[in-house]
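> Sharing a structure, written as structure tokens. Questions coming.
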Amino acid sequence: MSEQSHIPYGMHHIEQDDIDAAIDVLENHFLTQGQKVPEFEARLAEFAGAQYAVAVNSGTSALHIACLALGVGKGDKVWTSPNTFVASANCALYCQAEVDFVDIDSDTLNISVESLAEKLRWAEKHNCLPKVVIVVHFAGLSCDMQAIDKLAKKYYFSVIEDASHAFGGQYQQQMIGCCNYSSATICSFHPVKPITTAEGGAVLTNDAKLAKRLNLFAKHGVTRDETQMSCATERLEHGDWYYQQVELGYNYRLSDLQAALGISQLKKLSHYIELRLEKAKKYHALLANHLDEYSIKLPLLSEQSAWHIYTIQIPAKQRKVVFDALRANNIGVNVHYIPVHLQPFYQQMGFKKGDFPIAEQYYQSALTLPLFPALTYQQQQKVIECLLAALKQTKP
Ligand SMILES: *Cc1c(COP(=O)(O)O)cnc(C)c1O
């Protein structure tokens with residue numbers, strides 16, 4: 000990559016073995032509904048240390064069927080973090096449920112367990128406890144799952160982990176996705192995420208019944224499994240071709256072409272995560288002597304994070320100019336995230352500026368620096384040089 004070329008904020012890492020795996024499907028196998036999807040699911044489950052995996056066509060679909068399988072419907076409440084991509088909240092609206100948010104912790108940038116506990120106490124009094132809380136492992140760093148699980152047991156809600164950023168990372172020395180403290184964990188295989196299938200996602204769970212329902216909702220609500228049928232004896236009257244639609248499901252299938260790519264990528268996930276951690280540490284080292292001078296706040300340096308993104312905080316007044324300066328230097332900085340409740344669509348539902356002040360404050364100073372497995376040290380040095388120059392120029 001030349002000095003002048005664009006450095007994106009995130010980027011897939013496709014190698015010859017990935018290409019060969021995809022071509023193999025094109026030349027030899029089913030394009031969809033063959034053996035690659037079940038194989039990918041088995042390997043995902045094994046990698047994460049979960050019992051079951053259901054692969055689907057996006058992380059958003061995974062969130063949707065996770066909500067449906069947990070019985071989320073009209074009148075139910077689903078809570079999530081405002082510091083996330085809109086999909087973590089939209090999935091509840093797809094199910095006609097109501098969405099609400101819980102503010103984040105200013106250090107981890109994940110859902111604040113204290114704010115969650117406080118809001119649950121309030122909700123219990125007002126008889127409006129959530130059915131599901133979707134926690135988001137922001138930037139790849141796990142939420143405090145043990146504490147969240149305690150609250151889940153006390154207030155009887157289910158937990159979905161949105162691990163779109165975090166698949167490949169760990170919590171308490173176990174893989175994120177093992178679902179020790181949740182009903183289900185969802186992953187995304189969009190190109191900027193830890194591994195990619197172009198578009199794709201999965202739900203991991205240890206609950207056999209939930210896994211069956213996830214499959215049902217991902218495949219039209221249609222089943223050939225007698226135990227899921229409304230009246231199993233009907234099968235005898237029809238024949239072996241018999242199937243029943245027992246829910247309103249969707250076509251959220253992943254294709255075999257994508258699954259083959261996923262199988263190949265998954266073999267390298269642990270290596271990718273090591274590379275990401277290495278680069279995060281390099282950013283930390285490059286910035287260490289400039290933190291006070293420019294009022295920079297670094298992300299928590301966790302060895303267990305999947306390091307999906309490297310987000311720093313800089314003074315809010317300088318953020319826009321610094322962002323523009325880096326972009327002008329072909330450095331694909333980004334901002335994660337505009338708080339979901341500030342989106343016009345959510346404002347029209349009644350959310351206001353000031354509702355979740357820590358997420359809002361964080362957003363004002365957030366800046367995502369490029370981070371992906373193939374990022375070179377020279378590129379990192381260029382990013383930091385440009386960043387420091389821009390901070391210096393705009394220093395009040
Ligand atoms: C990417 C992402 C999603 C959605 O995943 P898709 O595969 O793009 O549908 C959901 N939540 C978070 C936090 C994400 O980053």
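Residue numbers for the sequence shown follow numbering that gives the first Met the number 0, beginning at 0 and rising by one.
Backbone N, C-alpha and C define an ideal beta-carbon position, used for all residues, glycine too.
No experiment lies behind these values; they were computed from the predicted model shown.
Which residue comes first and which comes last in the alpha helix (DSSP H) that contains residue 38?
That run of the alpha helix (DSSP H) goes 35-47.
> As a quick exercise: from 6, 40, 140, pick the residue whose alpha carbon is nearest that of residue 257.
When each option's Cα is compared against that of residue 257, the closest is 40.
> Quick check on residue 391: buried or exposed, where buried means 16 or more other Cβ atoms within 10 Å of its Cβ?
The residue is exposed, with fewer than 16 neighbouring Cβ atoms inside 10 Å.
> Please determine whether the Cβ atom of residue 100 lies at a distance below 7 Å from any heavy atom of ligand 1.
No, the beta carbon of residue 100 sits no closer than 7 Å to any heavy atom of ligand 1.
> Opposite residue 250 in the DSSP bridges: which residues?
For residue 250, which the question treats as bridged, DSSP gives the partners 218.
> Report the option in 316, 357, 12, 286 whose CA atom is closest to the CA atom of residue 385.
Minimum Cα distance to residue 385 is reached at 286.
> With H, G and I counted as helix, E and B as strand and the rest as coil, what does DSSP make of residue 156?
In this structure, residue 156 counts as coil in the three-state DSSP scheme.
> Anyone know if the C-beta pair for residue 55 and residue 217 falls short of 8 Å?
Cβ distance < 8 Å, so residue 55 and residue 217 count as in contact.
> Taking the alpha-carbon of residue 268 as reference, which of 14, 58, 210, 126 has the nearest alpha-carbon?
Answer by Cα proximity: 14.
> Count the CB pairs spanning the segment 172-190 and the segment 130-148 that are closer than 8 Å, and state whether there are at least three.
The segment 172-190 vs the segment 130-148: in contact.
> Could you give the DSSP three-state label for residue 319: helix, strand or coil?
Correct three-state label for residue 319: helix.
> What span of residues does the beta strand (DSSP E) with residue 130 cover, start to end?
Segment: none, residue 130 is in no beta strand (DSSP E) and carries neither H nor E.
> Going by C-alpha distance, which of 370, 362, 355 is nearest residue 118?
Nearest option by C-alpha distance: 355.
> Nearest CA to the CA of residue 52: which residue from 37, 81, 295?
The candidate whose alpha carbon is nearest that of residue 52 is 37.
> Counting Cβ pairs closer than 8 Å, one from the segment 195-206 and one from the segment 271-279, do we hit at least three?
The segment 195-206, when compared against the segment 271-279, does not touch it at the 8 Å Cβ threshold.
> Consider the C-beta atom of residue 24 and the heavy atoms of ligand 1; say whether any pair is separated by less than 7 Å.
No, the beta carbon of residue 24 sits no closer than 7 Å to any heavy atom of ligand 1.
> My understanding is that residue 8 touches residue 375, with C-beta atoms under 8 Å, so please give their C-beta distance in whole angstroms.
Not quite, the Cβ-Cβ distance comes to about 15 Å (not below 8 Å), so this is no contact.
> If distances are taken between C-alpha atoms only, which option among 228, 80, 232 comes closest to residue 341?
The option with the nearest alpha carbon to residue 341 is 80.
> Of all Cβ atoms in chain B, is any one closer than 8 Å to the Cβ of residue 266?
The structure shown contains no chain B; it is built from a single protein chain.
> Pull up the DSSP beta-bridge partners for residue 232, would you.
Paired residue(s): none; residue 232 is not in a bridge.
> Please list the terminal residues of the continuous alpha helix (DSSP H) segment that includes residue 344.
Per DSSP, residue 344 belongs to the alpha helix (DSSP H) from 343-346.
> Would you identify the three-state DSSP class for residue 290, choosing helix, strand or coil?
The answer is helix: DSSP assigns residue 290 an H, G or I state.
> Below 8 Å between beta carbons: does that hold for residue 129 and residue 77?
Cβ distance < 8 Å, so residue 129 and residue 77 count as in contact.
> Write down every uninterrupted run of the beta strand (DSSP E) in the segment 351-384 whose length is 3 residues or greater and which is fully enclosed by it, in chain order.
Counting only runs of 3 or more, we get 365-368.
> Could you have a look at residue 149 and say whether DSSP puts it in helix, strand or coil?
In the structure shown, residue 149 sits in a helix (DSSP, three-state: H, G or I).
> Find the nearest neighbour of residue 68 within the set 193, 166, 245, 234, judged by alpha-carbon distance.
Closest option to residue 68, Cα to Cα, is 245.
> Who are the Cβ neighbours of residue 265 in its own chain at under 8 Å, not counting the five residues just before and after it?
Closer than 8 Å at Cβ, skipping near neighbours: 39, 42, 43, 46, 194.
> Straight-line CA distance for residue 300 to residue 373?
Roughly 20 Å between the two C-alpha positions.
> For residue 19, which residues in the same chain have their Cβ closer than 7 Å to its Cβ, ignoring the five residues on either side in sequence?
Closer than 7 Å at the Cβ level, and outside the excluded window around residue 19, lies no residue.
> How about residue 364 and residue 324: do their beta carbons lie closer than 8 Å?
Going by C-beta atoms, residue 364 is not nearer than 8 Å to residue 324.
> Quick one: give me the first and last residue of the alpha helix (DSSP H) that residue 93 is part of.
Run containing residue 93: 86-93, per the alpha helix (DSSP H) assignment.
> When DSSP builds the beta bridges, which residues end up paired with residue 76?
Its beta-bridge partners are 97.
> Pull the bridge partners of residue 312 from the DSSP assignment, please.
Its beta-bridge partners are 296, 365.
> Using 8 Å as the threshold, is the C-beta distance between residue 227 and residue 215 below it?
In this structure, residue 215 lies closer than 8 Å to residue 227 by Cβ.
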